[in-house]
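**Q** Chains P and H are the protein sequences, given in the same order.
Each residue of the first sequence is one higher than the one before, starting from 0 at the first, in numbering that gives the first Met the number 0.
Each residue of the second sequence is one higher than the one before, starting from 0 at the first, in numbering that gives the first Met the number 0.
My questions all concern the structure below.
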Amino acid sequence: MTDLTSMTIAEARAGLASKSFTSLELTDAHLSAIEAARALNAYILETPDQARAMARAVDAKIAKGEGGPLAGIPLGIKDLFATKDVRTTACSKILGNFVPPYESTVTSQLWRDGAVMLGKLNNDEFAMGSSNETSCFGPVVNPWRREGSNTSLVPGGSSGGSASAVAAQLCMGATATDTGGSIRQPAAFTATVGVKPTYGRCSRWGIVAFASSLDQAGPIARTNRDAAILMRSMAGHDPKDTTSADRAVPDYEAAIGKSVKGMKIGIPKEYRLDGMPAEIEKLWSEGAAWLKSAGAELVEVSLPHTKYALPAYYIVAPAEASSNLARYDGVRYGLRVPGRSIGEMYENTRAEGFGAEVRRRVMIGTYVLSAGYYDAYYLRAQKVRTLIKKDFEDCFAKGISAILTPATPSAAFGVGEKGGADPVEMYLNDIFTVTVNMAGLPGIAVPAGKDAQGLPLGLQLIGRPFDEETLFSLGEVIEQAAGRFTPERWW
Amino acid sequence: MNATVKPGKLIKGQTGDWEVVIGLEVHAQVTSNSKLFSGASTEFGGEPNTQVSLVDAAMPGMLPVINEECVRQAVRTGLGLNAQINLRSVFDRKNYFYPDSPQGYQISQYKSPVVGEGEVVVELDGGNTATIGIERLHLEQDAGKLLHDQSPTMSYVDLNRCGVALMEIVSKPDIRDAEQAKAYVTKLRSILRYLGTCDGDMEKGSLRADVNVSVRKPGGPLGTRCEIKNMNSITFMGQAIEYEARRQIEIIEDGGTIDQETRLYDPDKGETRSMRSKEEAHDYRYFPDPDLLPLEFSQAYVDELRSQLPELPDQKKARFIEAFGLSPYDASVLVAERESADFYESVLAALADKARDGKLAANWVINELFGRLNKEGRDITASPVSAAQLGSIVDLIGDGTISGKIAKDLFEIVWQEGGDPRELVETRGMKQVTDLGAIEKVIDDIIAANPDKVAQAKAKPQLAGWFVGQVMKSSGGKANPQAVNDLLKAKLGI
């Protein structure tokens, strides 16, 4: 059955349509693969009964010729998405065994289009992390290993479960969310394609909030085409989310294979960091060369406020998080640790329910919003945000179609290797990705090569607002040039 | 300080007179079918936690969506307060932990409220008025309710009210004594009820006031203020202000200083007591709510709402004075409550000659009807005498069919038994006798029977009143009083 799990969504779609196999067969193949891959800790909840029921239902529809665009495709769902009657925890102890009586808009659109849910995927607690080590269910292991090494590597985060599961063929695609790089960085670490859509492209309704002005849902898949197929179902206006955009959803798949000839691609000089590994530098040049040979024009551009993005991000995101996470108070759902007074109950519950990184960010956020500090931190960070946005606007105003950067400053690192003493070491993982969230732009990470140790590396493309299509076209050029990368199975 | 502020009643202390400075924050529940950011019902009095949406309960991943009806109501209220309407305003989060606030923050408006400065003209005793400045009006979510009497060890929470839209209406510190404060809330309540933007029911908590009180020597610098929270009765608010002002004066005169703090009024003991000090005050960590876009609408939208506003109490009062010659006092009494004004308007509509009898109708509504309703503790909406019936009674007086005295009897019959006043006058023979011959005969009989009284009246014309009484009595009150007077004077030669 390995054949079934190694297919792309596009291939499976064709196979299902031609009745070469059923969704139930496809689903069972994945369920077996998941069972065999528990060492990766990618799934924190497997839902085989539900998966088979959905597969059978969709098989019946396919038989009647009623299957939707994702008919019969088995997917994994990041645990940040509320799934009706299926435990949803954001990988935090504080949500305990919370079972929502509602389905997130994004996942409900996937089911509407015929997709099958295999289970819930691990992530950093409340999506706060860049290694998937802050999950209350323990770290996710990257299916990729350094050549000749047994060291467990992180898959990146916060969508580590999604990236790992897609790379290890434990699902055909996965939902993910990206607040500062949580889709793109894990995609880069696992040789998968990760899309952070324009802010407002996908509804946030029913997704556990981390930082509302930065959070966006997007897909992780094994190819650009698959990501485009998933995007079409995930995107769309939702009256339940005031910040979602009332714009038609294009056929993203049509952008795959479209010529990029004549497109101006910006190479931002500020992303050339001191001490950047030569391999990353080389990868970036290669990527640029591929785009050039496909007919695009390379232009050096300047995004002068880039260096302020990460510090500003670590003010804005925790500030919003400190408020968004106030609802986890032990009163109505999730964990409650009793106390002698309401104040003590709050303290006990939140101290026990939140992990160290979440507590740290709640405290940072509370601090930067406090009277007397608001202007110096939050307000200033918002001003920086405006400047970052303007940097991009100026750039696009000069006719730049997209911007090419490395996705991460390094390849995947070992579990427990980073951030132990200094959280900033971990935060620096997002140095190339946070600007995109701060500006609300779309970004895509595509696999582009391997480092000397055989670990995947990714490139990032940043697009104009609501121009994900151009990113798919460019991403496909890189995919065609670089090829696809699959980890060797060791689990 | 506003130059038009009306001096209030000064309070005498041991060191001389003190002036009270008061500012009010009124929380008015918006009249709307659903909550400010969710579709849940706003109905009062439902079983606990039956009107709670996923958004109200702050379930993970839930997002607020603004209820446009609440915005419309806030803008209409702003227009009714002659206030500036801000075409762009921002919702902020006010962060604090309490079980009645499931989100852990209240969505409110902090730096950019939907309504800016305005003013309210309030009616004081003796026909005086004062103009109280409005600082701002903003929209925010109401909190749920804690139930402490359900268990010996636990408190329960009812989220039915949670998320209901409130308008917080902040006055300028233009109020100078308890009377002005009471008049201000009374007037504000009246305006809200005319607009239909808040039912003003203080017992249900639809209208609550936080009162900021400080004292100073007249014309001196402002004193430190204390805030008395959650007043839901105008009478108690007046008492609380009086108590609090005296408390502060005593402290200062004893050489102490006022601590800025939040206090509660205990109506049983008639005193305020400390709830929390400034040091214990929350740091609310306001910041713009990233789940909501700024609230924006066009001037055309505002203009449209303005054109549809109902006539408000001040305009109505002016019209009553102008059109019917009512005294400002009577006009104020009629317009104070929307229901009273509506009733009077209905009486007017029933009149055959509004210009002639408008004022008479006002007298009847205020003196006879309100008097009787008050006596029986009934509300105008439960009046046994309808506006049409009262209009008909006034018509009968106005066209000379009955006298004022008979009208009172008629009113009583209608009150007790109902019926068409004009028909009653016919069937019960209550019509005024204007037949001079008939009246003359009665007068002649009485004069003939009482020669002594005739002599007395001739000597002292004031005593003619006795004859008027006898004639009226003899005619069953139906004789036209003017005709009786004229004839008597002629017959008695006085």
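Just so it is clear, CB atoms sit at the ideal spot from N, CA and C, and this is done for glycine as well.
How long is the line joining the alpha carbons of Met-0(H) and Glu-24(H), rounded to whole angstroms?
**A** Caution applies to Met-0(H), whose pLDDT of 43 falls short of 50 and renders its modelled position unreliable; the model cannot decide the point.
**Q** Could you check the C-alpha separation between Ser-161(P) and Lys-291(P) for me, to the nearest Å?
**A** 32 Å
**Q** Can you tell me which of Ala-38(P), Arg-51(P) and Asn-131(P) puts its alpha carbon nearest to the alpha carbon of Asn-428(P)?
**A** Comparing alpha-carbon positions, the option among Ala-38(P), Arg-51(P) and Asn-131(P) lying closest to Asn-428(P) turns out to be Asn-131(P).
**Q** So with CB distances below 7 Å, who are the chain P contacts of Gly-60(H)?
**A** Ala-81, Ser-103, Trp-204, Gly-205, Ile-206, Val-207 and Ala-208
**Q** With Ala-444(P) as the anchor, note down where its alpha helix (DSSP H) starts and where it stops.
**A** Segment 442-449 is the beta strand (DSSP E) holding Ala-444(P); no alpha helix (DSSP H) there.
**Q** Could you tell me the distance, in whole angstroms, from the CA atom of Asn-85(H) to the CA atom of Arg-200(P)?
**A** 29 Å
**Q** Which bits of chain P does Gly-143(H) rub up against, with CB to CB less than 9 Å?
**A** The contacting residues do not exist; Gly-143(H) stays about 10 Å from chain P at best.
**Q** Which residue from Pro-455(P), Ala-311(P), Val-476(P) and Thr-46(P) puts its Cα closest to that of Thr-407(P)?
**A** The candidate whose alpha carbon is nearest that of Thr-407(P) is Pro-455(P).
**Q** Compare the Cα-Cα distances from Gly-222(H) to each of Met-230(H), Leu-158(H), Gly-390(H) and Val-212(H) and report the closest residue.
**A** Val-212(H)
**Q** Would you say Val-85(P) faces chain H, with C-beta separation under 8 Å as the test?
**A** no
**Q** Mark Tyr-328(H) as exposed unless 16 or more other C-beta atoms lie within 10 angstroms of its C-beta, in which case mark it buried.
**A** exposed
**Q** Lys-457(H) to Pro-450(H), Cα distance in whole Å?
**A** 11 Å
**Q** Report the three-state DSSP secondary structure of Val-89(H) (helix, strand or coil).
**A** coil
**Q** Give a yes or no on whether 8 Å exceeds the smallest Cβ distance from Ile-341(P) to chain H.
**A** yes
**Q** Under 8 Å between C-beta atoms, does Tyr-198(P) make it to chain H?
**A** no
**Q** Take Ile-430(P) as the anchor and find which of Arg-488(P), Gly-415(P) and Ala-308(P) has the nearest alpha-carbon.
**A** Of all alpha-carbon atoms in Arg-488(P), Gly-415(P) and Ala-308(P), the one lying nearest the alpha-carbon of Ile-430(P) is that of Ala-308(P).
**Q** Using a Cβ-Cβ cut-off of less than 8 Å, give me the residues of the region 145-177 of chain H that come near chain P, in sequence order.
**A** Among the residues of the region 145-177 of chain H, those with a Cβ less than 8 Å away from any Cβ of chain P are Ser-154 and Val-156, in the order of the chain.
**Q** Quick one: what does DSSP say Lys-268(P) is sitting in, helix, strand or coil?
**A** helix
**Q** Below 8 Å, how does it come out for the region 460-477 of chain P and the region 6-20 of chain H: are there three or more Cβ pairs, yes or no?
**A** no
**Q** Quick one: residues in its chain with C-beta nearer than 8 Å to the C-beta of Gln-49(P), no 5 flanking neighbours on either side, listed in chain order?
**A** Val-85 and Met-116
**Q** Taking 7 Å as the limit between beta carbons, can you name the residues of its chain near Ile-493(H), skipping five residues before and five after?
**A** Answer for Ile-493(H): Ala-456, Lys-457, Pro-460 and Ala-463, listed in chain order.
**Q** Can you name the residues of chain P whose CB is closer than 9 Å to the CB of Pro-101(H)?
**A** Arg-326, Asp-328, Val-330 and Arg-331
**Q** Roughly how many whole angstroms lie between the Cα atoms of Leu-44(P) and Pro-317(P)?
**A** 28 Å
**Q** Output needed for Ala-293(P): all residues of its chain with C-beta closer than 6 Å, excluding positions within five of it in sequence on either side, in chain order.
**A** Val-259 and Val-476
**Q** Let me see if you follow: with CB-CB separation under 8 Å, is Asp-290(H) close to chain C or not?
**A** In the structure shown, chain C cannot be found, because the protein chains are P and H.
**Q** Are the C-beta atoms of Pro-99(P) and some chain H residue less than 8 Å apart?
**A** Cβ-Cβ to chain H under 8 Å: yes for Pro-99(P).
**Q** Quick one: give me the first and last residue of the alpha helix (DSSP H) that Cys-201(P) is part of.
**A** Careful: Cys-201(P) lies outside any alpha helix (DSSP H) and carries neither H nor E.
**Q** Can you have a look at Asp-485(H) and say buried or exposed, based on whether 16 or more other CB atoms are within 10 angstroms of its CB?
**A** Label assigned to Asp-485(H): exposed.
**Q** Kindly give me the distance between the Cβ atoms of Arg-326(P) and Gln-140(H), rounded to whole angstroms, as I take these residues to be in contact under 8 Å.
**A** At roughly 14 Å, the Cβ-Cβ gap does not stay under 8 Å, so Arg-326(P) and Gln-140(H) are not in contact.
**Q** Within the same chain, show all residues whose beta-carbon is closer than 7 Å to that of Phe-235(H), passing over the 5 residues directly before and after it, in chain order.
**A** Tyr-264 and Pro-266
**Q** Is it buried or exposed for Ala-447(H), if we count other Cβ within 10 angstroms and need 16 for buried?
**A** exposed
**Q** Helix or strand or just coil, what does DSSP make of Cys-225(H)?
**A** strand
**Q** Considering only their Cβ atoms, is the gap separating Gly-67(P) from Arg-111(P) smaller than 8 Å?
**A** Closer than 8 Å, so yes.
**Q** State yes or no: is the C-beta of Phe-136(P) within less than 8 Å of the C-beta of Phe-209(P)?
**A** no
**Q** Over the uninterrupted beta strand (DSSP E) stretch that includes Tyr-155(H), give me the two end residues.
**A** 155-157
**Q** List the residues that DSSP assigns as beta-bridge partners of Glu-295(H).
**A** Arg-87(H)
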